[in-house]
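Novice:
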Amino acid sequence: MERSLAELAAQVSGTVEGDGNLRIRGLASLEEAGPGELSFYGNPRYRKQLGTTRAAAVLLPPGEPVTRTDVAWVRVPSPHLAFARLLSLFHPGPRPAPGVHSRAEVHPSARMDPSATVMALAVVEAGAVVGARSVLWPGAYLGEGSRLGEDCVLQAGAVVRERCVLGDRVVLQPGVVVGSDGFGFAFDPAVPAHVKVPQVGTVRIEDDVEVGAGSCIDRATTGETFIGRGTKIDNLVQIAHNVRVGPLSIVCAQVGISGSTEVGAGVVLAGQVGIVGHVSVGDGARVAAGSGVPHDVPPGATVSGAPAVEHALWLRQSAALKQLPELLREVRELRARVAALESRKDEP
Amino acid sequence: MERSLAELAAQVSGTVEGDGNLRIRGLASLEEAGPGELSFYGNPRYRKQLGTTRAAAVLLPPGEPVTRTDVAWVRVPSPHLAFARLLSLFHPGPRPAPGVHSRAEVHPSARMDPSATVMALAVVEAGAVVGARSVLWPGAYLGEGSRLGEDCVLQAGAVVRERCVLGDRVVLQPGVVVGSDGFGFAFDPAVPAHVKVPQVGTVRIEDDVEVGAGSCIDRATTGETFIGRGTKIDNLVQIAHNVRVGPLSIVCAQVGISGSTEVGAGVVLAGQVGIVGHVSVGDGARVAAGSGVPHDVPPGATVSGAPAVEHALWLRQSAALKQLPELLREVRELRARVAALESRKDEP
Amino acid sequence: MERSLAELAAQVSGTVEGDGNLRIRGLASLEEAGPGELSFYGNPRYRKQLGTTRAAAVLLPPGEPVTRTDVAWVRVPSPHLAFARLLSLFHPGPRPAPGVHSRAEVHPSARMDPSATVMALAVVEAGAVVGARSVLWPGAYLGEGSRLGEDCVLQAGAVVRERCVLGDRVVLQPGVVVGSDGFGFAFDPAVPAHVKVPQVGTVRIEDDVEVGAGSCIDRATTGETFIGRGTKIDNLVQIAHNVRVGPLSIVCAQVGISGSTEVGAGVVLAGQVGIVGHVSVGDGARVAAGSGVPHDVPPGATVSGAPAVEHALWLRQSAALKQLPELLREVRELRARVAALESRKDEP
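Residue numbers (our numbering), protein chains in the order written: chain B, 285 to 632; chain G, 285 to 632; chain C, 285 to 632.
1. Start and end of the alpha helix (DSSP H) containing G/S602?
2. Which residues in chain C sit within 7 angstroms of G/F469, going by Cβ to Cβ distance?
3. Check each candidate in C/F471, C/G512 and C/G561 and name the one with the smallest Cα separation from C/D647.
4. I'd like to know whether the C-beta atoms of C/L373 and C/R359 end up nearer to each other than 8 angstroms.
5. Against chain B, does G/L405 count as a neighbour if the rule is that its beta carbon must be under 8 angstroms from one of theirs?
6. Which chain B residues are close to C/R464, counting only those with a beta carbon under 9 angstroms from its beta carbon?
7. C/G306: which of C/V529, C/P319, C/V402 and C/A537 sits nearest, CA to CA?
8. Could you tell me the boundaries of the alpha helix (DSSP H) in which B/F367 lies?
9. Roughly how many whole angstroms lie between the Cα atoms of G/A537 and C/I501?
10. Cβ of B/N519 within 8 angstroms of Cβ of B/S499?
11. Consult DSSP for B/G335 and reduce its assignment to one of helix, strand or coil.
12. Who are the neighbours of C/R395 on chain B, taking C-beta pairs under 7 angstroms?
13. One question on the structure: do G/A424 and G/L438 come within less than 8 angstroms of each other, judged by their Cβ atoms?
14. Comparing alpha-carbon positions, which option in C/E321, C/E348 and C/P349 lies nearest C/T337?
15. How about C/A504 and C/H525: do their beta carbons lie closer than 8 angstroms?
16. Please report the residue range of the beta strand (DSSP E) in which C/A356 lies.
17. Please work out which residues of its chain come closer than 6 angstroms, Cβ to Cβ, to G/V495, disregarding the five sequence neighbours upstream and downstream, and give them in chain order.
18. Within this structure, are the beta carbons of G/G441 and G/G429 separated by less than 8 angstroms?
19. Would you say G/T646 reaches chain C, if we count a Cβ-Cβ gap shorter than 8 angstroms as a contact?
20. Report the option in B/W598, B/G589, B/S602 and B/H364 whose CA atom is closest to the CA atom of C/V593.
21. Under 8 angstroms, do G/M396 and G/V407 count as touching if we go by C-beta distance?
22. At what residues does the beta strand (DSSP E) containing B/E508 begin and finish?
23. CA-CA distance, C/P458 and C/Q556?
24. Tell whether a beta-carbon distance below 8 angstroms holds between G/G485 and G/G507.
25. If you draw a straight line from the C-alpha of B/V634 to the C-alpha of C/A572, how long is it?
26. Mind checking the segment 531-548 of chain C against chain G and listing, in chain order, the residues whose C-beta falls within less than 8 angstroms of any C-beta there?
27. So G/G555 contacts chain B; which residues on that side make the cut at Cβ distance below 7 angstroms?
28. Any beta carbon from chain C within less than 8 angstroms of B/D567's own beta carbon?
29. Taking a Cβ distance cut-off of 9 angstroms, strictly less, list which residues of the segment 422-453 of chain C are near chain G, in chain order.
30. Return no unless some Cβ of chain C is closer than 8 angstroms to the Cβ of B/R329.
31. Among G/R329, G/P346 and G/A368, which one has its Cα closest to the Cα of B/F469?
32. Compute the Euclidean distance between the alpha carbons of G/D435 and G/E409, then round it to the nearest angstrom.
33. Suppose the cutoff is 6 angstroms on Cβ atoms and the five residues either side in sequence are ignored; what does the same chain contact list for B/F510 look like?
34. Kindly say whether B/Q295, judged by its beta-carbon, lies nearer than 8 angstroms to any beta-carbon of chain G.
35. So, for G/I534: in the same chain, excluding its five sequence neighbours on each side, which residues have a beta-carbon less than 6 angstroms away from its beta-carbon?
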């Protein structure tokens, strides 16, 4: 299923610089690409690979100088975005046949759109709803009264417990858990025991959210845990009860967000960030990898470290930290010199 | 199923301040509650919401001044605990019908209490034991010779491998793994290879333990990995082989406890804490979120940071760290001033 | 199935110091071992237990002095390795009967070796290949066109999505996910939306790799995510798309490796380490627990901290950090003393 470079460029509103008649058979990274393949350049880290790639053509951002004549170029506003769209063209993805597998377990009271697919050993409980073209892969589980919108995907072994609501085009990778009990216990010194606070709330996930493998989104104590439209969540992320995440945010792998915390719109939480409970991270804020956030983060701020501080301060702190052993030596020496000065003063 | 406020107050040994005849139809947080709903106030963070809540009544701790006359109050020793108990009253939780689903797979040699429930696509292996009223949700797995006590819950997809022992009222959220192999390898330079150390021990979990979604408790190399009664474990926690956790401890999300470490009774490990292997965390110790614990923690201590130090010291360190860039500048300046003084001394 | 100590010593090329006719019935740790049991001593942390163990015999490294005469000793180059080999002797592990369970779901086009085992409720999709003696436990999933080599084990609920390739003797603990979509999105400001970059690559895992419970290995965007032979991965580890991990490395629990990063051969990543994307960790490097690695790590280096620095520097930094509050006080005092000296200088 080859296509001409010109045809591909047109798909992404790009401008060909070179031979538009080139036949392109697929896409690959700069390093992997070979003859007949299209690649993209978006990150200066890969400038070296740009000089050595065997790709037939490369997607290039505006202003990037062309350094080779043996490669055709397609100038686009965002090479990464263009690459994404063209990959979808070459790899439209599987569209499983509609219907319920004989070895799936679907409760008679569930409402299945006829175009939906439930594969072997998947389970749809009483009163659940599965929208048009949604797919449950083997071993996926949709709890009692939960609702999937249209074009959703529950990969193998993904679990959605009871009474959760997912919008359209929501994707859960394998092993995702939605609607597990929040971690709520009240200590009773008279027993003594940690008495469970029943978690009777739910989870609501808006359209176009994707959740990575093994991530967990707990149901609310009362009310709902909420993930806004278009937010993307990576693997092994923990989202506690009553958390609210705004739209179009990015939550990287192994992040933990504690109970009742609010994360705004367009926020980026890098890998392994931890946020305490009951705080607010403002719209557009960015939290660097591994940071621990113990308090509110203002909108638009970039913070780093544990405890997280404004990023510029963190950079100065980190640089200073490297000099700390030397500083200790220096102060010890200054002390001696000052003492010497003082004693000389006392001399007659 | 409305109840009078006086009736609810009596359930939690509380004292009504206001109209005990109010009809209460449910419970909610201060922010979510509306007419006919009861809420609770336990955390000063929510004082603002206490002033604006539309709740009909609020559970209040001793000594907290009453500021509004349009709300009824119920004075209780612990509002959070009272809220937990009343939530259970309003939401008694599902009690699935006893029996083995025709699409469950239960080995003939397993011993099932007739009041237990095994749902579709759950598996109970040879020689396993399931106690009274215990429930395996779809896709849950109980390995060969493993034992569940009474009133246990294995949520969808929870896995208990062979020869593990769980007490009464143990709850495993979806995706929990109990009894996976510990991470034990011995390096053989002659191959070279990391040779697997067979993990032939087991896991024992006492009564009233709850384990959060996606958490893993590895089986012991020999002997047992042990979780004491009433301990609560949050999501995505890693508990390595031969770890021992005492009773009534709290292990928050994404904590990792390395092999053979002992955690005492009533310990609190906040989110994303990491503890190295072969150390001991004493009874009643508290470890702050994100801390890395490289050594023993004495009973009752509160530690923070990575490497973790006594919390008061950590607070001083963190405060000092913010001043470090300024300190560097200052020492540089002092050095110049001392040099100036020294050179003046040398003047005749 | 008792064996003589001499026979066991011969199995591991050890030398008996004491009674080789002792009958040994099993193995246990120094603390747990009782009469008739063999233990091992490899870590000086356990010297106390060596003095008090009730074991009949103990595996001992070269040079370690013998302190008791009531215990027999077996001198071996590596007690841990010898213990591993002898444990395998006493506990050969289950060998499930070959064949496909009537309640497994195996696609007619899958190629199953007749010696392989597929248990109840496991799924093998179209075109998948299962090698000799490989075992899928209940609920395990092997996606379309994926290939398992010989003697592989997919524990309960382990998921391998489509087109992944696993070598021989690969072990996936329960809840492992291989081949989930990488976390790739390109922002389209015109919508606005994070547009999914289709993840059309795959995962390749070489021989003798073990992956711990709940760990996730994402498929590549294009090309492959790769785990080299003999590498061992602990629980709840995140390995992002297009990561490459060399042979014989050790990746401890809750580590996260971001996209396109390369980890060399024989590397040790301790627990909860995080590594950013697009960097390289050289052969034989060691990264201490909880470290955050923002840049390349040279071969053979040992690094610690966040951001990670050379370990010796980190030790000095950590020590200095403890003195920082004191240092602040001291500099404040020095400032006053220098000011006093300066003002005295000005005196006539």
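Positions of the beta carbon are idealized from the N, C-alpha and C atoms, including for glycine. Keep in mind that this is a model prediction, so the values were computed, not measured.
Specialist: Concretely, from the data shown:
1. According to the DSSP assignment, G/S602 belongs to the alpha helix (DSSP H) that extends over H595 to K606.
2. Scanning chain C for C-beta atoms nearer than 7 angstroms to the C-beta of G/F469 yields K516, reported in chain order.
3. Coverage of chain C is limited to positions 285 through 632, which leaves residue 647 of chain C absent and any answer about it impossible.
4. Judged by beta-carbon spacing, C/R359 lies beyond the 8 angstroms limit of C/L373, meaning their Cβ atoms are not closer than that value.
5. Interface residue, yes.
6. Here residue 464 of chain C turns out to be Ser, not Arg, going by the sequence shown. Chain-ordered, the chain B residues with CB closer than 9 angstroms to the CB of C/S464 read Q439, Q457, P458, G459, G496, A497, G498 and N519.
7. The amino acid occupying residue 306 of chain C in the given sequence is Leu; Gly does not appear at that position. Checked all of C/V529, C/P319, C/V402 and C/A537; the closest Cα to C/L306 is C/P319.
8. Counting along the chain, B/F367 sits inside the alpha helix (DSSP H) bounded by residues P363 to F374.
9. Distance from the CA of G/A537 to the CA of C/I501, rounded to the nearest whole angstrom, comes to 21 angstroms.
10. Note that the C-beta distance between B/N519 and B/S499 is below 8 angstroms.
11. The DSSP-derived three-state label of B/G335 is helix.
12. Chain B residues near C/R395: none, gap ~19 angstroms exceeds 7 angstroms.
13. Closer than 8 angstroms, so yes.
14. If we check each option's Cα against that of C/T337, C/E321 comes out closest.
15. If you check the CB distance, C/A504 and C/H525 come in under 8 angstroms.
16. DSSP places C/A356 inside the beta strand (DSSP E), whose first and last residues are A356 to R359.
17. Residues of the same chain with a CB within less than 6 angstroms of the CB of G/V495, apart from the 5 flanking positions on each side, are L456, V460 and I517 in chain order.
18. Not a contact, by the Cβ cut-off of 8 angstroms.
19. Here chain G has residues from 285 to 632 only, and residue 646 of chain G is not among them.
20. Considering only alpha carbons, the answer is B/S602.
21. No Cβ-Cβ contact shorter than 8 angstroms links G/M396 with G/V407.
22. Start and end: E508 to I511.
23. Taking the straight line from one Cα to the other gives about 20 angstroms.
24. In this structure, G/G507 lies closer than 8 angstroms to G/G485 by Cβ.
25. Residue numbering for chain B in the displayed model covers 285 to 632; residue 634 of chain B lies beyond these limits and cannot be assessed.
26. Answer set for the segment 531-548 of chain C: L532, I534, C536, A537 and Q538.
27. The contacting residues are G540, S542 and G558.
28. Taking a beta-carbon distance threshold of 8 angstroms, B/D567 does not count as an interface residue toward chain C.
29. Cβ contacts with chain G: P422, G423, Q439, A440 and G441.
30. Proximity of B/R329 to chain C, defined by a Cβ-Cβ separation below 8 angstroms, is satisfied.
31. If we check each option's Cα against that of B/F469, G/A368 comes out closest.
32. G/D435 and G/E409: Cα-Cα distance of roughly 19 angstroms.
33. Only R488 and R528 meet the Cβ criterion.
34. Judged by the 8 angstroms Cβ criterion, B/Q295 is not in contact with chain G.
35. Hits under 6 angstroms: K516 and V552.
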